[in-house]
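Colleague: Sharing a structure, written as structure tokens. Questions coming.
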Amino acid sequence: MLIGKNLSKSYRSKIALDNVSIQVAPGEICGLLGRNGAGKTTLFKILTGLIRADSGEIILQSPRSKSIGAIIERPGLYNYLNAYDNLKIFAGIQGAKADPDSIRDYLLKVGLPTDRKDPVGNFSLGMKQRLGIAIALVNNPGCLILDEPFSGLDPFGVASLIDLILSLAQYEKIAILLSSHLTSELSRCCHSLYIMDNGKIVNSGTTKHLISKYIYSYSILANNIESSEVLRKYQTVFGVNEVKVVCNSGEITGLLNELLSEGVQVTACIPDLTLEQLIKGTL
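Residue numbers for the sequence shown follow the UniProt record's numbering, so the first one is 1 and each next one is one higher.
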């Protein structure tokens, strides 16, 4: 369990955090949404002990040997070394197990190959993120903090990383706190969301509740969806194997069932929840 209570931080005349409270339970994925400069990274640096808050309290409740593992901004990797050697160095620095079997287990846990010998400078951004997460997990922390983990990833990389995060929460029972300025990624994996603006938490709730309250359109992905007759009843914008449909959360299940009855094989249905909607909803 990670709890931040009434955390505040100022830099000269600028207020970076203003009485922020946040809580993440074991096995829960919590998202922190906000514009660039909203205070997300400052909060994460305080939670991980990189900087001190001016006021407030942090409570860590975990029976594990290490309370928090984190990636703040980008994973700091030795690009000229391979994944195995990177893990061995960082495990040694943290006092974790660095024997071959343990390092192999770290790599397998995050879905990286155990026999790849080339330097991590050759890795894709998604693979570097996975290696960074492996390093953050070497001491079996009770909480994992990820700062903008989806930044720069292609859609496949985002989907793959979401699967990993879901797995870590479900099977390892890790409390996971991650940030983004894009709602699409967090709405796909988070149980709850905190919305930050100008250093304050301006909105919060379960993802399901926020979607039902603020969603007015969905992006539906399917082959040949432009041939659907049922979509003629809705306001739509078509793309390649994709359509944006204006409807509320109470209508979407019925629409998907009607598409299925037409033989349309839907591969994804993504709520179009924008950060601006979540911020303005509190004004």
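Every residue gets a Cβ at the ideal spot worked out from N, C-alpha and C, and that includes glycine.
Report the residue from L131, S8, L146 whose alpha carbon sits nearest the alpha carbon of residue 302.
Modeller: Given that the chain is displayed from residue 1 to residue 283, the structure contains no residue 302 and the question cannot be resolved.
Colleague: Excluding five sequence neighbours on each side, which residues of the same chain lie with their C-beta closer than 8 Å to the C-beta of I279?
Modeller: I195, D197, V202, N203
Colleague: What would DSSP say about E276, mapped onto helix, strand or coil?
Modeller: DSSP places E276 in helix when its eight states are reduced to three.
Colleague: Can you list, in chain order, the residues of its chain with a C-beta nearer than 6 Å to that of P26? Leave out the 5 residues immediately preceding and following it.
Modeller: K173, A175
Colleague: What is the DSSP secondary structure of Q61, reduced to helix, strand or coil?
Modeller: coil
Colleague: Could you have a look at T282 and say whether DSSP puts it in helix, strand or coil?
Modeller: At T282, the pLDDT of 49 sits below 50, so the modelled position is not reliable; the number obtained from the coordinates is stated separately. DSSP places T282 in coil when its eight states are reduced to three.
Colleague: Hey, how far is the Cα of K208 from the Cα of I215?
Modeller: 10 Å
Colleague: Measuring CB to CB, does G121 end up less than 8 Å from Y80?
Modeller: yes
Colleague: Excluding the 5 residues preceding and the 5 following N36 in the sequence, name in chain order all residues of the same chain whose CB lies nearer than 8 Å to its CB.
Modeller: Closer than 8 Å at Cβ, skipping near neighbours: H181.
Colleague: Any chance you could list the beta strand (DSSP E) runs of at least 3 consecutive residues sitting entirely within the region 3 to 56, in chain order?
Modeller: 14 to 24, 29 to 34
Colleague: For a test of the three-state rule: what should DSSP assign to V138, helix, strand or coil?
Modeller: coil
Colleague: Between A134 and L112, which are expected to be in contact by the criterion C-beta below 8 Å, what is the C-beta distance as a whole number of angstroms?
Modeller: 7 Å
Colleague: Out of A268, V245, S192, D115, which has the shortest C-alpha to C-alpha gap to L221?
Modeller: L221 has its Cα closest to that of A268, out of A268, V245, S192, D115.
Colleague: Please classify E148 as buried or exposed, where buried requires at least 16 other C-beta atoms within 10 Å of its C-beta.
Modeller: buried
Colleague: Which complete beta strand (DSSP E) runs does the region 175 to 218 hold, if anything under 3 residues is left out?
Modeller: 175 to 180, 192 to 197, 200 to 206
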